DNA sequence: GACTGTGAAACAGTTCACAGCT
DNA sequence: AGCTGTGAACTGTTTCACAGTC
């Protein structure tokens, strides 16, 4: 019954990236189980709720230690605590949003961020027309004040929702200000500044991928017309 | 010099899912090369523009046929045409958006969709307050008219931006109306209706994944304070 | 009997390295 | 000489199947 976290000072095991990508799913499922007053959950149930299979759940969870009891299942509360702390959701994360256009504005008031402990504490835009606009309880600041805001408020995460042409420059500046993580919504490849982790969300790509598969399905049908 | 597409009637090769996921990146890069009047591009250049490595580019492109010339590079125009047609971007795709809240509203007017041939042709919401609202040149319709709109306009893609609790029901209804692909922004797992492909975009998860890595980096630093 | 934790097998995806063409 | 196309090696991920525990 080993605890992979081991004694203090021991490097924690590397968690496979595929597993990391599923933690938010488990997290969500566990929140709902916890609210429903469930004390334990089997890998089978958790798998169903997260939309994966039971073997994957067990393998994934085993990287974090032993939260299950054979014959019984996993302890919901303990497991929720572990995953919450792994995901760093025990404290609030401050974010700065760059580019308060349509999408940016929606992101600022997106309930899902706040609920999970991400707070858009500042928003900036290059457009003087947008500066001063109120969005919820936030006022859009000029982009020139980006560095001051990041440093004063100790902001850790940058969200880019500018036009593609501006994204690299914004990323570089965020890096210089000490931001360590960037979520990029601008549909362009950006080179990560030194020491910064960048994740891209490309909305149009998602539709393109759906279109790819749809197109393949329908042309497969065309080739075998008699079904 | 084989052409994997083969004679008509031959099933096309299965394209690895990882490759499909990168097609939008290549597509974007090729558009920009084409606009810049480049006739050819090497795997090295294309890799740089797409943010991947050259071996991957060559492997990926080889699944679609032979668009390169050894010693020279790839024919930009021919390759762009191939990828455009693989992604099904030679015709416009009609989408229906369900849930015209903050995020939904932003998605309707999101330029990236229109630019790549995705047209949000209809939007519905359950909230009577929102029905009748104009967003760009679209008027929000009552959710009860969903089926009629999908069938009349022959809409192929559904975009869900409702609250999580409503998402499964909406997905099921979209399936019944004949929608074949769904892009789900509601932060919940939805079971795909028969014959429908669902992709999930979970915005808060993306931040959680960034937080996970940030947290690991900083606690790694704590454990080895002297650097 | 129920259910976890985990090696081992199977599969998928990436990278290497080089033969083959221009 | 330059660059693609691709088997082969490698790395990462998923699934299997079962020993171990309650």
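Chains as they are written, first to last, in my numbering: chain A, 34 to 260; chain B, 34 to 260. Here a beta-carbon is modelled for each residue, glycine too, at the ideal position from N, C-alpha and C. In this text, all values refer to a predicted model and were calculated from it rather than measured experimentally.
Indicate the three-state DSSP secondary structure (helix, strand or coil) for residue 42 of chain A in the structure shown. For residue 42 of chain A, the predicted structure reports a pLDDT of 49, less than 50, and the residue's modelled location is therefore unreliable. A value from the coordinates is still provided. In this structure, residue 42 of chain A counts as coil in the three-state DSSP scheme.
Identify which residue in A/131, A/169, A/124, A/157 has its Cα closest to the Cα of residue 143 of chain A. A/169
Taking a cut of 9 Å between CB atoms, which residues from the region 61-73 of chain B lie near chain A? 61, 62
Given a limit of 7 Å on CB to CB distance, which residues of the region 182-214 of chain A reach chain B? 189, 190, 213, 214
With DSSP as the reference, label residue 235 of chain B as helix, strand or coil. coil
Closer than 8 Å to chain B by CB, residue 114 of chain A: no
Taking 8 Å as the cut-off, decide whether the C-beta atoms of residue 119 of chain A and residue 245 of chain B are in contact. yes
Where residue 148 of chain A falls, given that 16 or more other Cβ within 10 Å makes a residue buried: exposed
Which residues in chain B sit within 8 Å of residue 176 of chain A, going by Cβ to Cβ distance? None at all; the shortest Cβ gap to chain B is about 20 Å.
Just list the beta strand (DSSP E) runs in the region 111-158 of chain B, keeping only unbroken ones of 3 residues or longer that don't cross its boundaries, in chain order. 126-131, 151-158
Chain-ordered residues of the region 117-135 of chain B with a beta carbon less than 8 Å from chain A: 119, 120, 121, 122, 126, 128, 135
Tell me whether the beta-carbon of residue 229 of chain A lies closer than 8 Å to the beta-carbon of residue 217 of chain A. no
Tell me the start and end of each unbroken alpha helix (DSSP H) in the region 55-85 of chain B that is at least 4 residues and wholly inside, in chain order. 76-83
is_contact[residue 260 of chain A, chain B] using C-beta, thresh 8 Å: Because residue 260 of chain A carries a pLDDT of 45, less than 50, the predicted location of this residue cannot be relied on, and no value is offered for it.
Please report the straight-line C-alpha distance between residue 182 of chain B and residue 251 of chain A, rounded to a whole angstrom. 22 Å
Endpoints, the alpha helix (DSSP H) within which residue 208 of chain A is located: 197-210
Nearest chain B C-beta to residue 51 of chain A closer than 8 Å, yes or no? no
For chain B, find out if any of its Cβ atoms is closer than 8 Å to the Cβ of residue 158 of chain A; answer yes or no. no
Any idea which residues DSSP pairs residue 107 of chain A with across the strands? A/74, A/101
Between which two residues does the beta strand (DSSP E) holding residue 178 of chain A run? Run containing residue 178 of chain A: none; DSSP gives neither H nor E here.
Could you check if residue 92 of chain A is buried or exposed, using at least 16 other CB atoms within 10 Å of its CB as the buried criterion? exposed
For residue 201 of chain A, which residues in the same chain have their Cβ closer than 6 Å to its Cβ, ignoring the five residues on either side in sequence? 223
Pull up the CB-CB distance for residue 191 of chain A and residue 237 of chain B, whole angstroms please, since I reckon it's below 8 Å. Not quite, the Cβ-Cβ distance comes to about 16 Å (not below 8 Å), so this is no contact.
Output yes if chain A places a C-beta closer than 8 Å to the C-beta of residue 98 of chain B; else output no. no
Thinking just about the alpha-carbon of each residue, which of B/85, B/240, B/121, B/48 is nearest to the one in residue 153 of chain A? B/240
So residue 214 of chain B is in the beta strand (DSSP E); what residue range does that whole segment cover? 214-217
State yes or no: is the C-beta of residue 214 of chain B within less than 8 Å of the C-beta of residue 247 of chain A? yes
Let me make sure I understand the geometry here. Which of B/160, B/189, B/123, B/164 has the alpha-carbon closest to that of residue 212 of chain B? B/189
Tell me which same chain residues have a C-beta within less than 7 Å of the C-beta of residue 34 of chain A, skipping the five on either side of it? The pLDDT assigned to residue 34 of chain A is 43, lower than 50, so where the model puts this residue is not dependable; a value taken from the coordinates is nonetheless given after this. 99, listed in sequence order.
Mind checking who residue 91 of chain B pairs with in its DSSP beta bridge? Answer is none; residue 91 of chain B lacks a bridge partner.
Apart from the five residues on each side of it in sequence, which residues of its chain come closer than 7 Å, Cβ to Cβ, to residue 260 of chain B? At residue 260 of chain B, the pLDDT of 43 sits below 50, so the modelled position is not reliable; the number obtained from the coordinates is stated separately. If we look at residue 260 of chain B and ignore the five residues flanking it on each side, it has no Cβ neighbours.
Using a Cβ distance threshold of 8 Å, determine whether the region 99-109 of chain A contacts the region 133-142 of chain A, with at least three qualifying pairs required. no
Let's see if you can read the secondary structure: which residues bound the beta strand (DSSP E) around residue 192 of chain B? 190-193
Answer with yes or no whether the minimum CB distance from residue 162 of chain A to chain B is below 8 Å. no
For residue 117 of chain B, which residues of its own chain have a beta-carbon under 8 Å away from its beta-carbon, when the five flanking residues on both sides are left out? 60, 123
Is residue 178 of chain A buried or exposed, if buried means 16 or more other CB atoms sit within 10 Å of its CB? exposed
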